Amino acid sequence: MKKSPSTNNVFDNEKEEAEVSSSEDIDDPEYLELCERGEIVDKYDKGPDSKDVDPWENPDFELYKVTDRYGFIHKNSPPTDAGKDAKERERKRDQKWYRMVLEWNKRFPVKLKERIWKGVPDKLRSDVWQRLLGSKELKLAAGTNTYRELLMRAKLISKDIKQIDLDINRTYRDNLAFRRRYDVKQRSLFNVLSAYAMYNTEVGYCQGMSQIAALFLLYMDEEEAFWCLHSLMVEKKFTMHGFFVPGFPKLHRFQDHYEKILQKYLPRLKKHFDKFGIPPIYLTKWWFGCFLDRVPFSLALRIWDIFIFQGDSILLAMSYNIMKMHQKTIRKFQMENFMEFIQNGIAQDFGYPSDKVMESLEDCLRRLQSDKMDQPPPPPAGAPSEVPTKPLGPVLSRSMINIEMDIAEIQSRCSRANSLAGTPSMTRHQHSKKSAARTPKMAHSLQSTIEHRLENIHGRNNEWHVNSKKSPSTELGYDKVLPNINNMHIVPSHSKKPHEFGENFNRQKDTTITDNHDESQAMFPRMQRPAEERRSNTLTKI
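Count the sequence shown with our numbering and you get residues 2 to 543, in order.
Shown next, in the form of structure tokens:
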């Protein structure tokens, strides 16, 4: 029997509508972002020995035979300034520093300043830096579980994951700690940056933060590094938030003041820059990382010692110091040669021993302070804020169960779209396949959380089980998605009779759930519609 034309038209129209709808869902940017984020997080979770690590992701250091005391790999022997001489000097100062740390609360401001200018012993940097930054106090004020809670949420919903992963791949790859892709320190760096992007949402993640976090991770664990990074961002004497926040208000304010310093103290050099049109674009790299990667690492550590002690005035003083010490050489250069020298030349060999550089830096700072030029004028009224203005960690107000339910909805939506569209393209199929490995864990976590919530609501006298009926997508073979929340039933173990959430909820007198029905619906807003209505809507879409 042939179908009537009207029947064929209806069937064709429904098919076309389904194909259009499914095509839109398959290209759902939320789902594609979810898959990409899941792939990146999986690689860090699996570590460096996973089959997913491509050979090109690990640099070849066959020609690099020498490792310095900080773990950096060199082709030739490192400068003696970073070798045995520095170790011997530290050995002599270690005992004095140990006593000072043990008696830290007594405060020795003059002696502490004197010793910091000489350099903090490498083995004590972690302790001394954390004390100077006040990072432990920040952790206690925010809550001891804050970092862990931020990290869990970041791995699920952070939009900065991709950029963080790209920058980690080029951060200190010539250091043994960060050499292997997805190894321990790379994983810690990923965690710190991902968590902080969720904590300080005005900054999120900005290039340059990876170097700072990596420096801290060379001396401390990831949670300590997180709070040290936060201290640099928000504490008054640093406020590096102003450097990284969109618009870079502090960068512009400090740059204007730096130009005034050059004009006042190095007028001939300033005239040379103006003549050849050399802009101070090098300042961004200098200040965003406090000279990391722009001077030899051993010298950068000495600068960081005094930067953490003194504050952001060191950024201006060291910039002035570099120009002062190298002004004769710089005046010979035009734009191209100058940029090569300032970006790479002094990074390989500063040309002076670290002690000599620090003595000159101290003189420059003292001169700026005497002329009240060590700090720029404060921001004018109405200027963008250089400190956070929004609450920190807003994502912490969202429960994990709500986040996972949102993710389940995205995955379920795409699963239904795939079932309607037939076989998706190869690229999309690969995204779905790679993200599916994370789904069972998420489903188990979601079910456990629901059971725990119900147990808290109804007490521990009854055992409650969350059962999931097969959804249409499961019957079609897409059982890799999370349980269909709309078809879940709450079953008390002593009766084994299903009681659905919704208006048709069966209020039995012998169960305590009756008294807490409103509370249950408040905690699970997606379950408020009647079950039959939900089931009907789902089948209509299919």
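Note that beta-carbon positions come from the ideal geometry of N, C-alpha and C, so glycine has one too. Keep in mind the model is a prediction, meaning the values are calculated, not measured.
Beta carbon of Leu300 nearer than 7 Å to that of Ser355 = yes
Supposed close pair Leu252, Leu263 - CB separation, criterion 8 Å = Contact flag wrong, Cβ pair sits at about 16 Å.
Apart from the five residues just before and just after Phe244, which ones in its own chain have a Cβ nearer than 7 Å to its Cβ?
-> Lys251, Leu252, Trp288, Phe289
For Val42, three-class secondary structure by DSSP = helix
Would you kindly work out how many angstroms separate the C-alpha atoms of Arg188 and Thr147, rounded to a whole number?
-> 19 Å
Residue span of the alpha helix (DSSP H) that contains Val235, given as start and end | 223-235
Determine the extent of the alpha helix (DSSP H) in which Gln370 is found, giving its start and end residues.
-> 355-371
Give the DSSP bridge partners of His75, in chain order.
-> Val67
By Cβ distance, which residues of its chain are closer than 7 Å to Arg132, with the 5 residues on each side in sequence left out?
-> Trp105
How big is the Cα-Cα spacing for Asp55 and Asp184?
-> 14 Å
Cys365 to Tyr321 span [Cα, whole Å] | 7 Å
Taking the alpha carbon of Arg174 as the point to measure from, which residue in Asp294, Lys261, Thr202 has its own alpha carbon closest?
-> Asp294
Can you give the Cα-Cα distance for Val42 and His231, rounded to whole angstroms?
-> 23 Å
Helix, strand or coil for Asn176, going by three-state DSSP, please let me know.
-> strand
Can you tell me whether Phe308 is buried or exposed, with buried defined as 16 or more other CB within 10 angstroms of its CB?
-> buried
Any C-beta of chain C under 7 Å from that of Pro122 = Structure shown: chain C not included; a single protein chain is present.
Counting Cβ pairs closer than 8 Å, one from the segment 123-142 and one from the segment 210-226, do we hit at least three?
-> yes
Within 10 angstroms of the Cβ of Gln335, are there 16 or more other Cβ atoms? Answer buried if so, exposed if not.
-> exposed
Quick one: residues in its chain with C-beta nearer than 7 Å to the C-beta of Pro385, no 5 flanking neighbours on either side, listed in chain order?
-> Gly248, Pro250
List the whole-angstrom C-beta distance separating Lys325 from Leu397, where the pair is believed to meet the contact cut-off of C-beta under 8 Å.
-> With 8 Å as the limit, Lys325 and Leu397 do not qualify as a contact, their Cβ atoms being about 47 Å apart.
Between the Cα of Thr285 and the Cα atoms of Phe351, Gln208, Lys93, which residue gives the shortest distance?
-> Gln208
Presumed contact (8 Å Cβ cut-off) between Ile411 and Leu35, rounded CB distance | 6 Å
Nearest CA to the CA of Glu363: which residue from Arg100, Glu40, Gly120?
-> Gly120
Reducing DSSP to helix, strand and coil, say where Ile158 ends up.
-> helix
From Cys229 to Phe217, what distance separates their C-alpha atoms?
-> 8 Å
What whole-angstrom Cβ distance do Tyr283 and Gln344 have, given they're in contact under 8 Å?
-> 7 Å
Hey, would you say Ser211 sits closer than 7 Å to Ser159, going by beta carbons?
-> no
Endpoints, alpha helix (DSSP H) assigned at Asp306 = 298-311
Tell me whether Gly278 is buried or exposed, calling it buried when 16 or more other Cβ atoms sit within 10 Å of its Cβ.
-> exposed
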